[in-house]
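K.L.:
For the sequence shown, the working numbering begins at 1321 and goes up steadily by one.
Dropping a structure here in structure tokens format, bear with me for questions.
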Amino acid sequence: MLKPVAGFAAFGLFWGAWGAILPAIRSGAGVSDGELGVALLMIGLGALVSMRFTGYLIDRYGGVVLPVVMVLFGLCGVLPALADSAVSLSAALLLLGATSGAADVAVNAAGSQAEAVTGRPVMNLAHGMFSVAVVVASLGTAGLRAAGVGALPVLGGAAALIVITAVVALAPGSTKDTGTRLPGKPARARLEPVLLVLGALCALAYLVENAWQSWSAVHLDTSLHAAAGLASIAPAVFAAAAATGRFAGNALLKRIQPVRLLVIGAAIAAVGSLVAATAGNPWTALAGIGLAGLGTSVCAPTIIGMAGAWAGPERRAGAIAVVTTIAYLGFLIGPAAVGALSSAWSLPAALASVAVLAVVVAALAPVAGRLAHERIRPTPKGM
1321 MLKPVAGFAA FGLFWGAWGA ILPAIRSGAG VSDGELGVAL LMIGLGALVS
1371 MRFTGYLIDR YGGVVLPVVM VLFGLCGVLP ALADSAVSLS AALLLLGATS
1421 GAADVAVNAA GSQAEAVTGR PVMNLAHGMF SVAVVVASLG TAGLRAAGVG
1471 ALPVLGGAAA LIVITAVVAL APGSTKDTGT RLPGKPARAR LEPVLLVLGA
1521 LCALAYLVEN AWQSWSAVHL DTSLHAAAGL ASIAPAVFAA AAATGRFAGN
1571 ALLKRIQPVR LLVIGAAIAA VGSLVAATAG NPWTALAGIG LAGLGTSVCA
1621 PTIIGMAGAW AGPERRAGAI AVVTTIAYLG FLIGPAAVGA LSSAWSLPAA
1671 LASVAVLAVV VAALAPVAGR LAHERIRPTP KGM
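Structural data, given as structure tokens:
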């Protein structure tokens, strides 16, 4: 189980540092808020381009893909610190997004493979380590920024740790719990109904997750007029609750079926979202945000694990690539959708609508479970 856990920890290390160092990136590139917004879209565009192809490569070449894409991800993670214009920043973020999307598919495929090989739940544990790494890196970067450390040393240090992790813990032969090269040419995972359903559910789960991760501090600040220090801890509360939920979910999967865990998690996320959105004071909102993080945390890893189990070893990475590519749309759309609804209604109303989406995940989980029990059909020759 070492590879997926180490991979997700390295992945979270970067993104935890990224959120805290972004103001320095903006300053170094000399861009406006609007230009930064356009540049940030390049991360999603790059990821969407690379994710399905990465799944095909993993099905074709096996475990060697994971350390390669993680090294590339670490190296490209330094590029935004070198940007000095909107154009160079957009180009850097496009490369960062492409390698980030590839790394996302690779670590999820490694987690699903570890579950298949060991017969033990791994995905929630691995995603939990991601959340822990995000919290640690975010707080650590904030401390470095307070000490006057710039973007290049922070991202350079993160890159060094990611590369070391890739070489030491993720290289083929370092452990025995990831995929091996498959003989012959694997067929690409088709857009089977089960993958579309799982991808759509995962997109909704990511939408709920990223909506709160992105807007929780703003909600406390603007809607509830919380003190700046109190409002700023909201994302950390969400991430810490997510880590707790994922570790607990990993243990629960030894006792209950994935579909049941998915229903429970989505229901808790719905309740937490509603509490946080309608809260009359910051402390109640923080409690709701923590509850939302606790519930939504188990949804995406459980869904991705279901996709990998359904596909089997020959197409596991390809199937996960399809699901995560669709899911990534929800991750990207979430913050923007909340912003648009907030402009039309209000921020509390927009965040309350997130609770409705969590209810949809809970309602559709049994449907996805029934589809996931059907094994993949062989692809006819010539396709």
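Just so it is clear, CB atoms sit at the ideal spot from N, CA and C, and this is done for glycine as well.
Since we're looking at a predicted model, the values are computed, not measured.
Does the beta carbon of residue 1380 sit closer than 9 Å to a beta carbon anywhere in chain C?
P.N.:
Absent from the structure: chain C. Only one protein chain is present.
K.L.:
Mind listing, in chain order, the continuous alpha helix (DSSP H) runs of no fewer than 4 residues lying wholly within the segment 1553 to 1604?
P.N.:
Listed in chain order, they are 1554 to 1572, 1578 to 1598.
K.L.:
Using a Cβ-Cβ cut-off of 8 Å (strictly less than) and excluding sequence neighbours within five positions of residue 1387, which residues of its own chain qualify?
P.N.:
Closer than 8 Å at the Cβ level, and outside the excluded window around residue 1387, lie 1486, 1487, 1490, 1491, 1492.
K.L.:
Return the Cβ separation of residue 1645 and residue 1368 in integer angstroms, given the expectation that the two are a contact with Cβ distance under 8 Å.
P.N.:
With 8 Å as the limit, residue 1645 and residue 1368 qualify as a contact, their Cβ atoms being about 6 Å apart.
K.L.:
Alpha carbon to alpha carbon, how far is residue 1380 from residue 1467?
P.N.:
Between residue 1380 and residue 1467, the C-alpha separation is close to 46 Å.
K.L.:
Buried or exposed: which applies to residue 1683, given that a residue is buried once 16 or more other Cβ atoms fall within 10 Å of its Cβ?
P.N.:
Residue 1683 is exposed by the Cβ-count criterion.
K.L.:
Where does residue 1501 land, buried or exposed, given buried means 16+ other C-beta within 10 angstroms?
P.N.:
Any reading at residue 1501 must be qualified, since the residue scores a pLDDT of 44, below 50, and its modelled position is unreliable; the value itself is stated next. So residue 1501 counts as exposed.
K.L.:
Could you compute how far the alpha carbon of residue 1604 sits from the alpha carbon of residue 1611?
P.N.:
One C-alpha to the other measures close to 11 Å.
K.L.:
From residue 1328 to residue 1424, what distance separates their C-alpha atoms?
P.N.:
Roughly 8 Å between the two C-alpha positions.
K.L.:
Quick one: grab the DSSP three-state call for residue 1460.
P.N.:
If DSSP states are grouped into helix, strand and coil, residue 1460 belongs with the helices.
K.L.:
So what does DSSP say about residue 1424, is it helix, strand or coil?
P.N.:
Helix.
K.L.:
Given residue 1597, which residues of its chain have a CB within under 6 Å of its CB, disregarding the five upstream and five downstream residues?
P.N.:
Same-chain partners within the cutoff: 1668, 1671, 1672.
K.L.:
Output the boundary residues of the alpha helix (DSSP H) element that contains residue 1335.
P.N.:
Element bounds for residue 1335: 1322 to 1349.
K.L.:
Can you tell me whether residue 1674 is helix, strand or coil according to DSSP?
P.N.:
Helix.
K.L.:
For the candidate residues 1616, 1557, 1419, 1558, whose alpha-carbon lies nearest to that of residue 1586?
P.N.:
For the residues 1616, 1557, 1419, 1558, the minimum Cα distance to residue 1586 belongs to 1616.
K.L.:
Less than 8 Å between C-beta atoms, sequence neighbours within five positions excluded: which residues of the same chain meet that for residue 1686?
P.N.:
Within the same chain, residue 1686 has close Cβ partners 1579, 1583.
K.L.:
Would residue 1593 and residue 1517 be called neighbours here (beta carbons separated by less than 9 Å)?
P.N.:
It is not a contact, given that the beta carbons lie outside the stated cut-off.
K.L.:
Would DSSP call residue 1442 helix, strand or coil?
P.N.:
Here residue 1442 sits in coil by DSSP.
K.L.:
Let's test the definition: count the other Cβ atoms within 10 Å of the Cβ of residue 1693 and tell me whether it reaches 16, buried, or not, exposed.
P.N.:
Classification of residue 1693: exposed, given that the 10 Å Cβ count is below 16.
K.L.:
Is the segment 1653 to 1660 touching the segment 1543 to 1563, taking contact as three or more C-beta pairs under 8 Å?
P.N.:
As far as the Cβ criterion goes, the segment 1653 to 1660 does not touch the segment 1543 to 1563, which means the pair count is below three.
K.L.:
Short of 8 Å in beta carbon distance, which residues of its chain neighbour residue 1620, apart from the five on each side in sequence? Order them along the chain.
P.N.:
Closer than 8 Å at Cβ, skipping near neighbours: 1447, 1522, 1525, 1526, 1529, 1647.
K.L.:
Is the separation between the beta-carbon of residue 1417 and that of residue 1342 shorter than 9 Å?
P.N.:
Contact flag unset, no.
K.L.:
Tell me which same chain residues have a C-beta within less than 7 Å of the C-beta of residue 1546, skipping the five on either side of it?
P.N.:
Result list for residue 1546: 1540, 1602, in chain order.
K.L.:
Would you call the segment 1401 to 1414 in contact with the segment 1337 to 1352, where contact means no fewer than 3 C-beta pairs closer than 8 Å?
P.N.:
Counting Cβ pairs under 8 Å, three or more are found: they touch.
K.L.:
Grab the span of the alpha helix (DSSP H) containing residue 1516 for me, first residue to last.
P.N.:
Segment 1513 to 1538, the alpha helix (DSSP H) holding residue 1516.
K.L.:
Would you mind working out which of 1432, 1575, 1536, 1560 sits nearest residue 1595, comparing C-alpha positions?
P.N.:
Considering only alpha carbons, the answer is 1536.
K.L.:
For residue 1565, which residues from the same chain have a beta carbon less than 6 Å from its beta carbon, with the 5 sequence-adjacent residues on both sides left out?
P.N.:
If we look at residue 1565 and ignore the five residues flanking it on each side, its Cβ neighbours are 1614, 1617, 1618.
K.L.:
How many Å lie between residue 1370 and residue 1322 at the Cα?
P.N.:
Distance between the alpha carbons of residue 1370 and residue 1322 is about 25 Å.
K.L.:
If we ignore side chains and look at the alpha-carbon of each, how far apart do residue 1576 and residue 1680 end up?
P.N.:
Rounded to the nearest angstrom, the two C-alpha atoms are 21 Å apart.
K.L.:
Please classify residue 1640 as buried or exposed, where buried requires at least 16 other C-beta atoms within 10 Å of its C-beta.
P.N.:
Counting Cβ neighbours within 10 Å, residue 1640 comes out buried, since at least 16 surround it.
K.L.:
Answer yes or no: the CB of residue 1693 versus the heavy atoms of the ligand MN, is any distance below 8 Å?
P.N.:
By its list of ligands, the structure shown contains no ligand whatsoever, and the ligand MN lies outside what it can speak to.
K.L.:
Measure the CB-CB distance between residue 1483 and residue 1391 and report whether it falls below 9 Å.
P.N.:
For residue 1483 and residue 1391, yes; Cβs fall inside 9 Å.
K.L.:
Label residue 1511 either buried or exposed according to how many other C-beta atoms from any shown protein chain fall within 10 Å of its C-beta, with 16 as the threshold for buried.
P.N.:
Counting Cβ neighbours within 10 Å, residue 1511 comes out exposed, since fewer than 16 surround it.
K.L.:
What do you get for residue 1520, buried or exposed, if any count of 16 or more other CB atoms within 10 angstroms of its CB means buried?
P.N.:
Result: buried.
K.L.:
Output the boundary residues of the alpha helix (DSSP H) element that contains residue 1645.
P.N.:
Its alpha helix (DSSP H) spans residues 1636 to 1664.
K.L.:
Would you report the Cα separation of residue 1286 and residue 1438, rounded to the nearest angstrom?
P.N.:
Since the first residue of the chain shown is 1321 and the last is 1703, residue 1286 is not available in this structure.
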